[in-house]
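Q: Residue numbers (the working numbering), protein chains in the order written: chain A, 3 to 221; chain B, 3 to 221.
For each residue, glycine too, the CB sits at the ideal point set by N, CA and C.
Pasting a structure below so you can have a look.
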DNA sequence: CCATCCTGATTGAACGACCGCTCATATTCG
DNA sequence: CGAATATGAGCGGTCGTTCAATCAGGATGG
C-alpha cells in the first residue's frame, strides 16, 4: 500500500496527506492534458502547495505518474470485491463482478485511458509494478470464472483468454467511448456484450460451417 | 490519400518521397520513445535530412504524428481487403478478414500501441481525421459481418458491438502483448478467441441460469 | 509565562538543459 | 543565372529540478 516511492519527510500521516493532494491534482491534470503537457508547477498549483515541496514527497515527475496509476488500479481492486461479496452462487458472483467492473471503468473513464496512454512512459521497473498490479486485479475475475467452470455453468474454455475478453470489454468502453457514447448506454453496451459472450454468435447452420473452417485449439 | 497537410514544396513526387522518409523514421522513433521524447532532430537524423527541411513538408511536429497515424491506419485498410478478395462465401470471407486483421496488428504491434498512446495528443480536428479513418476500416469488417447475418450463419446480434469485439480482440493482442506473449502464439490467441466468440461460453445449464440473470437488450 | 532556540517543513527564484521552429545562407539543377 | 530545395546555427521559450532562505511550532530554560 505504501509504495516504494521515497520521501524525505518522516511523518507518515503528513506523507499520506501530501501525496493525496499531489495525486488528486495530478490525476485531474494528466487525464485532461496528458503527462508531458502537465508541468510540476501546474500540479503544485492545483494541489495548493509549492513546486519545491513536491520533491520532498517524490523523487521524479515520473514518480508522480506511478503514484497516480497505482491509485487508479487500487481503485479497481478496492471496489470490485464489494460488488459480489454478498452473493453465494458463483455464476451470480461473476456476473455481478463483470457488471461492477464496467461501472468502475465508466466512473474512471479518463483515468483508464490515461493508464493506456502513459504506462509506457514509465521506466522498465516502474512499469513492471503497474503490470503486476493489473494482473492482481484480473486475478479476482479469473478466480470467479474458474469457479463457474467447476460449477459446470461455463464450458471448458481457456480462462486466461476469457478473463482478458471481459477485461478488454470493460476497458473498451473507455477506450472507444468517443464511438459508443452516441450509440449505447453503459448498460446496453454491457448486456449486449454479455449476450455475445455467453451465447456466441453462430446459428446452428453457422456452427456446422465453422467446423470446416476452424483450426485446432492447442493449449 | 494525399492528406490535408500543407507543404511548401510543389513537386508531388518529391513530397511523397520526403514524407515517406519522415514517416518511416518518425514511426520507428515514436513507437520506441513516444511522441514527446522524440525530437525533430532525432527524426531528421534518422531520415537523413536536416531539421529545417522537415518544416517544408509539414507545418508542425504534430503534423508528423498525424502522418504517422494515417500511415498505420492506411496499412490496415490496404492489407485487409487483399486477405479475402478471392473468397466467395461470406462466412469464409469474414473469417479470413478477422485472421488477417490480427496478423496485420501483430506485424504493426508497436505502431498500434502508438496509436492508443498518442491519438489524444492530437488537436481536436486532427484527432477527428484519425477516428474517421478508424471507422472506415472497421466498416470493412462490419460489412462482412452483416453479410454473414443475412446469410443466416450468425444470429441477430448487434453488428456494431460484434465488430468492436473483434477489433478489440485484435488490438488487445498488441495492447496486452506483455502478458500474452509468454502464453500464446498469435494463432492460438486468435483461434481461442474465435471459439469463444462463435460458440459462447455457457453450457446448457449455464444458458438456463442466464435467463434468470439477464437484462433486456433494448436497441 | 514568555523569550529563545532548533528542527523539520515549506517556499519560489533561479539554473541549466532542452527543443520546436525560423531564417540567412548554401546548394542543386534545369 | 535563377528558382526550387536544403542546411543548421541560433532564437525564444519552456520546464524539471535544486537550494538558500523563510517559516511554524514545539522544546528548553529562565
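Assuming residue 132 of chain B and residue 124 of chain B form a contact by the criterion Cβ under 8 Å, report the distance between their Cβ atoms to the nearest whole angstrom.
A: 7 Å
Q: Does any residue of chain B bring its CB to less than 9 Å from the CB of residue 281 of chain A?
A: Any answer about residue 281 of chain A is impossible in this case: the structure gives chain A only from 3 up to 221.
Q: Report buried or exposed for residue 2 of chain A, applying the criterion of at least 16 other Cβ atoms within 10 angstroms of its Cβ.
A: What is shown of chain A runs 3 to 221, which leaves residue 2 of chain A out entirely.
Q: Please decide whether residue 208 of chain A counts as near chain B, where near means a Cβ-Cβ distance under 9 Å.
A: yes
Q: Under 8 Å between beta-carbons, which chain B residues line up against residue 119 of chain A? List them in chain order, please.
A: 118, 119, 120, 122
Q: Are the stretch 70 to 84 of chain B and the stretch 127 to 142 of chain B touching by the rule of at least three beta carbon pairs closer than 8 Å?
A: yes
Q: Could you name the residues of the stretch 190 to 217 of chain B whose beta carbon sits closer than 8 Å to any beta carbon of chain A, in the order they occur along the chain?
A: 190, 191, 193, 194, 195, 196, 197, 198, 199, 200, 201, 202, 203, 204, 205, 207, 208, 209, 211, 212, 215, 216, 217
Q: Which stretch, first to last residue, makes up the alpha helix (DSSP H) that contains residue 134 of chain B?
A: 126 to 153
Q: What's the call for residue 193 of chain B, buried or exposed, on a 16-neighbour Cβ count within 10 Å?
A: When all chains shown are included, residue 193 of chain B counts as buried.
Q: From the beta carbon of residue 181 of chain B, is the nearest beta carbon of chain A less than 9 Å away?
A: Interface with chain A (9 Å Cβ-Cβ cutoff): residue 181 of chain B is included.
Q: Between residue 3 of chain A and the rest of its own chain, which residues show a CB-CB distance below 7 Å, the 5 nearest in sequence each way excluded?
A: A caution first: residue 3 of chain A carries a pLDDT of 38, below 50, which makes its placement in the model unreliable, though a value can still be read off. Cβ neighbours of residue 3 of chain A beyond the five flanking positions: none.
Q: For residue 212 of chain B, which residues in the same chain have their Cβ closer than 8 Å to its Cβ, ignoring the five residues on either side in sequence?
A: 204
Q: What is the DSSP secondary structure of residue 204 of chain B, reduced to helix, strand or coil?
A: strand
Q: What residues of chain A sit near residue 97 of chain B, judged by a beta carbon separation below 7 Å?
A: 215
Q: Under 9 Å, Cβ to Cβ, is there at least one residue of chain A near residue 71 of chain B?
A: no
Q: Is it true that the stretch 153 to 172 of chain B meets the stretch 173 to 190 of chain A, where meeting means three or more beta-carbon pairs spaced less than 8 Å apart?
A: yes
Q: Would you verify that the beta carbon of residue 83 of chain B is, or is not, closer than 9 Å to some beta carbon of chain A?
A: no
Q: Specify the secondary structure class of residue 168 of chain B as computed by DSSP and reduced to three states.
A: If DSSP states are grouped into helix, strand and coil, residue 168 of chain B belongs with the helices.
Q: So, helix, strand or coil for residue 115 of chain A, using DSSP?
A: helix
Q: Which first and last residues belong to the alpha helix (DSSP H) in which residue 18 of chain B is found?
A: 14 to 35
Q: Please identify the residue among B:216, B:218, B:109, B:159 whose C-alpha is closest to the C-alpha of residue 202 of chain A.
A: B:159
Q: Considering only the alpha carbon of each residue, which of A:54, A:102, A:78 lies closest to residue 2 of chain A?
A: The question about residue 2 of chain A has no answer here: the residues shown for chain A are numbered 3 through 221.
Q: Checking the sheet assignment: what are the DSSP bridge partners for residue 51 of chain A?
A: BP columns for residue 51 of chain A are empty, so no partner.
Q: Quick one: is residue 4 of chain B near chain A, going by C-beta distance under 9 Å?
A: Note that residue 4 of chain B scores 41 on pLDDT, short of 50, meaning its location in the model is unreliable; the coordinates nonetheless yield the value given after this. Not one chain A Cβ lies under 9 Å of residue 4 of chain B.
Q: Helix or strand or just coil, what does DSSP make of residue 163 of chain B?
A: Here residue 163 of chain B sits in helix by DSSP.
Q: Indicate the three-state DSSP secondary structure (helix, strand or coil) for residue 42 of chain B in the structure shown.
A: helix
Q: Does the count of Cβ pairs from the stretch 78 to 94 of chain B and the stretch 143 to 161 of chain B closer than 8 Å reach three?
A: yes
Q: Is the distance from the Cβ of residue 166 of chain A to the Cβ of residue 119 of chain B below 9 Å?
A: no
Q: Among residues of its own chain, excluding the 5 on either side of residue 59 of chain A, which ones have a beta-carbon nearer than 7 Å to its beta-carbon?
A: 9, 11, 17, 20, 21, 24
Q: Would you mind giving the Cβ-Cβ distance between residue 1 of chain A and residue 38 of chain B, rounded to the nearest angstrom? I have them listed as a contact below 8 Å.
A: The requested residue 1 of chain A is not part of the displayed model; chain A covers only 3 to 221.
Q: If you draw a straight line from the C-alpha of residue 186 of chain B to the C-alpha of residue 187 of chain A, how long is it?
A: 34 Å
Q: Determine the burial state of residue 214 of chain B: buried for a count of at least 16 other Cβ atoms within 10 Å of its Cβ, exposed for fewer.
A: exposed
Q: May I have a chain-ordered list of the alpha helix (DSSP H) segments no shorter than 4 residues that lie completely inside the stretch 70 to 122 of chain B?
A: 92 to 109, 111 to 120
Q: Residues in the same chain with beta-carbon distance under 8 Å from residue 33 of chain B, minus the five sequence neighbours each way, listed in chain order, please.
A: 112, 113, 115, 116
Q: Under 9 Å, do residue 163 of chain B and residue 198 of chain A count as touching if we go by C-beta distance?
A: yes
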